[in-house]
Every structure is written in structure tokens, then in C-alpha cells.
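Asks:
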Amino acid sequence: KDKGGDYLGETFGMAYAGDSIVAILAGQLAGAAAGARGPTGPFELSVGFLVAGGLLTSLLWKENKAEPQSSGDQPTIRD
Numbered sequence: 021k022d023k024g025g026d027y028l029g030e031t032f033g034m035a036y037a038g039d040s041i042v043a044i045l046a047g048q049l050a051g052a053a054a055g056a057r058g059p060t061g062p063f064e065l066s067v068g069f070l071v072a073g074g075l076l077t078s079l080l081w082k083e084n085k086a087e088p089q090s091s092g093d094q095p096t097i098r099d
């Protein structure tokens, strides 16, 4: 039996609840930035999140590469 499918409903439920929480927090942050820096404040704040996301991605992303096969019996894509 596929064990991955057992958690699908739970995963979507957490994503649905998490989206609401993130939207509320983003609105609060945007409102605070607009109050402090004017109408361009939320856009200026978004640059910081863009940089943070880029840094996290560059530091934590593991490239999905296949492991080299040790046996030479199986054909490869080059064959």
C-alpha cells in the first residue's frame, strides 16, 4: 500500500491553515511597513524577503543528482 497517500489529506489541511496564517502576518507586516515608510514600504520590505529567500536557497538546496552506479553491466543513457 502507498504510505505517502496516507498523509496527503493532512498535508493539504496544514497547508490550508498555514496559508491563512501567512496571509495575516504578511498583511500586518505590510501595514507596519507602509506606516513607517509610506506607500512604498511594503515593496521595500519585500526586497529583504527576496534576499533572505535567495540566501536560504543557495545555502540549503541540495541538487537532485543521481548516484553513479558502480556496476558496468547496466546500460546508461549514453549507450
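In my numbering, the protein residues as written are 21 to 99.
Even for Gly, the Cβ is constructed at its ideal location relative to N, Cα and C.
Are A53 and G61 closer than 7 angstroms when you measure CB to CB?
Replies: Here residue 53 is taken as the residue at index 33 of the sequence shown, counted from 1. Here residue 61 is taken as the residue at index 41 of the sequence shown, counted from 1. Cβ distance < 7 angstroms, so A53 and G61 count as in contact.
Asks: For P59, does the three-state DSSP call read helix, strand or coil?
Replies: Counting from one through the sequence shown, the residue named residue 59 turns up at place 39. P59: coil per DSSP, three-state reduction.
Asks: Taking the alpha-carbon positions, what's the I41 to I97 distance?
Replies: In the sequence shown, the residue the question calls residue 41 occupies position 21. In the sequence shown, the residue the question calls residue 97 occupies position 77. Answer to the nearest angstrom: the Cα atoms are 46 angstroms apart.
Asks: To the nearest angstrom, how far is the alpha carbon of L79 from that of F32?
Replies: Against the sequence shown, residue 79 aligns to sequence position 59. Against the sequence shown, residue 32 aligns to sequence position 12. Using only the alpha carbons, I get a separation of about 27 angstroms.
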